[in-house]
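Report on the following structure.
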Amino acid sequence: MNTENNSPEEITTEVAPQGPGLLLRNEREKQGLSVEEIAARLNLRAHNINDIENETFDPKVSTTFIKGYLKAYARILGITEEQILSAYYRLGIAESKYAQMQSFSQRTQQEAHNNRLTWISYAIGAGLVGMLVWWWLQKASLEPATSEQLVNESVIVSDEAEVPTRSLPIAEQVSEDSEAVLPEEVPAQEPESVEGETELNSDEALETETTATPVATTPEPSNEADPSALEVGFTFSNDCWIKVTDADDKTLAIGVKEKGSTLSLTGKAPFKLTIGAPKAVEITYNNRTFDMTQFKAGKIARFELPEKE
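Residues in the sequence shown are numbered from 161 upward in steps of one, following this note's numbering.
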């Protein structure tokens, strides 16, 4: 019986590379530390420590953070950074670009958000400018006079309302609206015949008639008042611009009336009034006071007197 003497074969066993998680867990158990103790010292949760030791790394987490956790864990156990990083590199995990992509995406979103805010700001600014221009145009159209005119002008009574008088002959002073009253003719009286007097010759009689002074009769004032006439009184507690016209569109007064002054106007009703500062004037007519509280302060008031019932 032949026996074969087979030489024993040398069996070589390849040892799998030890990863960082296994290295850390073995050292932790060797030092008798629990997962909770390591988690507390790293300010992490217990399941995060288990993920590190089991080498179940989240692909969404940057490799920079993973290496940072490994080095912090290794420092607690007394393992050098070179040793733990070398074990990590042996795993052959590719560098994660997710964090870079996420950062770029966030930056893009932030830029888009900033652009939207910029356009919204421009739109709001344009709207405010438009409203300001519109308000200015409305105010300019409502104001009857400029600020310079309001300061420099005094109340101007129109030429139609007041006409300066001058010395005129009696016949010219008669009102234009009434009929002119002519002097009555004085009949020539025949001189009585007196004894001893000589009769006036014809030339002397003509001279006496020519030099006679004409006498003008003054019309008696009428007792009947004009029913269309209206008298309006103004009392000003502050500077105020006014304009008053009568029924014939005749301007009775226009301009600025100063604080503390008064004004009385008479004309054909109805009056049309424009008051620049309604709160600065008190108006009376027909023995009654007109209610100025119905107008807002700072707004120009336009109305007629007497009020329409």
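Backbone N, C-alpha and C fix where the C-beta goes; we use that ideal spot for every residue, glycine too.
As the structure is a computational prediction, the values presented were derived from the model and not from experiment.
**Message:** On the criterion of 16 or more Cβ atoms from any shown chain inside 10 Å, does E213 qualify as buried, or is it exposed?
**Reply:** buried
**Item:** Candidates N274, I414 and V392, of which the one nearest N118 by Cα
**Value:** Since the first residue of the chain shown is 161 and the last is 469, residue 118 is not available in this structure.
**Message:** For E464 and P438, I'd like the C-alpha separation in whole angstroms.
**Reply:** 14 Å
**Message:** Give me the residue from T395, T268, A247 and W295 with the minimum Cα distance to G179.
**Reply:** A247
**Asked** Can you give the Cα-Cα distance for S388 and Q454, rounded to whole angstroms?
**Response** 26 Å
**Prompt:** If you compare alpha carbons, which of A199, I239, I443 and F431 is closest to L184?
**Reply:** I239
**Message:** Please report the distance separating the alpha-carbon of A461 from that of L288.
**Reply:** 27 Å
**Three-state secondary structure (DSSP) of I239** = coil
**Message:** Less than 8 Å between the C-beta atoms of K428 and A407, yes or no?
**Reply:** yes
**Message:** Taking the beta carbon of W401 as the centre, do at least 16 other beta carbons fall within 10 Å, making it buried, or is it exposed?
**Reply:** buried
**Prompt:** Going by C-alpha distance, which of A283, T444, T411 and G436 is nearest S424?
**Reply:** T444
**Prompt:** For F217, which three-state DSSP category applies?
**Reply:** coil
**Prompt:** When DSSP labels each residue in this structure, what does R185 get in the three-state scheme?
**Reply:** helix
**Nearest-angstrom beta carbon gap, G420 and F396 [assumed within contact, 8 Å]** = 7 Å
**Item:** Buried or exposed (CB count within 10 angstroms, at least 16 for buried), E320
**Value:** Because E320 carries a pLDDT of 44, less than 50, the predicted location of this residue cannot be relied on, and no value is offered for it.
**Prompt:** Straight-line CA distance for E187 to L237?
**Reply:** 7 Å
**Prompt:** What are the partner residues of T422, as DSSP defines its beta bridges?
**Reply:** T395
**Request:** Output the distance between the C-alpha atoms of A440 and G285, rounded to the nearest integer angstrom.
**Result:** 37 Å
**Message:** Quick check on A457: does DSSP put it in helix, strand or coil?
**Reply:** coil
**Request:** Return the residue from the list A283, D218 and N210 that minimises the CA-CA distance to Y233.
**Result:** N210
**Request:** Could you check which residue in L433, E189 and G192 has the C-alpha nearest to that of F450?
**Result:** L433
**Residues near Q243 by beta carbon distance below 8 Å, same chain, minus five either side** = L183 and A234
**Asked** Can N208 and A200 be called in contact, C-beta distance under 8 Å?
**Response** no
**Request:** Compute the Euclidean distance between the alpha carbons of S459 and D409, then round it to the nearest angstrom.
**Result:** It is worth fixing the name first, because residue 459 is Lys in this sequence and not Ser. Looking at the two C-alpha atoms, the distance is approximately 23 Å.
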